[in-house]
Every structure is written in C-alpha cells, then in structure tokens.
Amino acid sequence: MKFSTYLEQITGVGIYPLISLVMFVAFFIIATLWIYSIDRNELKRIENLPLDDN
Numbered sequence: 256m257k258f259s260t261y262l263e264q265i266t267g268v269g270i271y272p273l274i275s276l277v278m279f280v281a282f283f284i285i286a287t288l289w290i291y292s293i294d295r296n297e298l299k300r301i302e303n304l305p306l307d308d309n
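Using my numbering, read the sequence shown as starting at 256 and increasing by one per residue.
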C-alpha cells in the first residue's frame, strides 16, 4: 500500500499543507519586520557578539 492511500483516508488532510505554508510565511514576515525595526546600535552590538572576549 502506498503512503498516499493512507493520506486519502484521513478526513481534512488537505488543510495541513496550507497551515504549514501560513506558519512558514508568517515566521519570515515577522523576522523581516523585526530586522527592519531593530535599532542600529543594538544591531552593531549583536554583530560583535561572536568577537567579544567577555
């Protein structure tokens, strides 16, 4: 039996790919908005964290 035949037996299985896509897009929209709204000084501090000796 193929995997797709198991999926056909599940009621409402078509909504899961849509939910996954919405969550994926929402995450990247939120991350992009956060990056553009962050203060420049805070961004410089975050950039230098790997090089900081403390």
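Where a beta carbon is used, it is the ideal one built from N, C-alpha and C, also for glycine.
- Here N296 carries a helix assignment [DSSP, helix/strand/coil].
- The distance from the Cβ of V268 to that of L276 is about 15 Å, inconsistent with a contact at the 8 Å cut-off.
- Rounded to the nearest whole angstrom, the CA to CA distance from R295 to V280 is 25 Å.
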